[in-house]
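First up is the structure itself, then whatever we jot down about it.
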Amino acid sequence: MIFVTTGVSSIPFDRLIKKMDEIAATYRAPVFMQTGYNGYKPRNAQHVPILTRKEYLTYMQQADLVVSHAGAGTTMDLILSQKRCILVPRMKKFREHLNDHQLEHIKGWGERLGIKVVYDINELDDLVRQIETIPVPSPRAQTRDELIHAIRQMIVSSVGG
Amino acid sequence: MNLLREAYQDFSHFFVTYESDNTRIIPDVHFLPRYNSDYSILKKTTWFFRCLVIAYNTVQEQQPTLMVSTGGGDLAIPFFLVGRLLRVKLLYIENVGRFFTPSSTGKVLYYLSDRFFVQSKALLRCYGKKAEYHGAVI
């Protein structure tokens, strides 16, 4: 199953939903989409406007591949659950977002954690047909431990002083 | 903050966030009203002062020695302003999604906080000497 999500934004992300709907028409496995309330409604895939957090995590867990907008929250969920994924940033020039802030964390995370990022929507046709070539992101456990250590030191020194 | 719990779980602590289905279940949680960018200037001002009052009362009641925030600014700015006034130690950790450019919240809280962490080395250059890099949450 491919799980497609555009987050909880009120702005539609039709570029992604339309392309995945087109793919779903001939795809070998089911495609399920969380589309948001507004915008294009898929014809070839099951879809809901919005999932509860619990439902969303279940779909994410069960999917073989997640194709998502590049929201920071969704991206973190994907990294933490080490889920094979493709991220498609919303772009201001297509009126998918108020600004291009999704591009910054995506460039950073894409480079450092090896996440597949797609800017040209037509690349999805080939990518979803060779899922095994798409990398699985993994969190950097060591850098988190260092950060935790630094915060803990500050707590200890402020409690003491 | 949940991913950083090993840093603070052995110390008494409380949380401040927005109210939602996911946050109502957190123990010792306090809520600030949600910011809405569609608000008129008047409503934005009222919202801000309401947040300041809640922040003041919360800090007076809980008497924290340290406040740590990873954003967003709509939660952190009112609490850090009050924290500065009431001499609480303040640690701001720049958003994990910031790699190359500072956030507007970061630019404000750089001046208010006692210590200021960034989660990308490239950001050290964007801020002043106070910025420190000690790794990233993911």
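Protein sequence lines, in the order shown, are assigned to chains A and B. Be aware that the first sequence starts at 35, since it is given in this note's numbering, and climbs by one per residue. Be aware that the second sequence starts at 1031, since it is given in this note's numbering, and climbs by one per residue. Backbone N, C-alpha and C fix where the C-beta goes; we use that ideal spot for every residue, glycine too.
- Query: Name the chain B residues whose beta carbon is nearer than 9 Å to that of A:H139?
  - Reply: N1125, V1126, G1127, R1128, F1129
- Give the C-beta separation of B:L1033 and A:R178 to the nearest angstrom, bearing in mind that I take them to be a contact with Cβ-Cβ under 8 Å. 7 Å
- Task: Answer yes if the stretch 1148-1162 of chain B comes into contact with the stretch 149-169 of chain A, meaning at least three C-beta pairs across the two stretches below 8 Å, and no otherwise.
- Result: no
- Query: Does DSSP put A:S192 in a helix, in a strand, or in coil?
  - Reply: helix
- Message: If we define contact as Cβ-Cβ less than 8 Å, is A:M94 a contact residue for chain B?
- Response: no
- Task: With a floor of 3 residues, list each beta strand (DSSP E) that falls wholly inside the stretch 112-188 of chain A, ordered by position along the chain.
- Result: 119-122
- Message: Could you tell me the alpha carbon to alpha carbon distance between A:S115 and A:N133, rounded to whole angstroms?
- Response: 28 Å
- Check whether the Cβ of B:T1095 lies closer than 8 Å to any Cβ atom in chain A. yes
- Message: So with CB distances below 7 Å, who are the chain A contacts of B:V1167?
- Response: R178, L181
- Residue environment, A:T60, which counts as buried when at least 16 other CB atoms sit within 10 Å: exposed
- Message: At the level of alpha carbons, what is the spacing between B:T1135 and A:N78?
- Response: 42 Å
- Among A:P64, A:D111, A:G144, A:L121, the one whose alpha carbon lies nearest that of A:H81: A:P64
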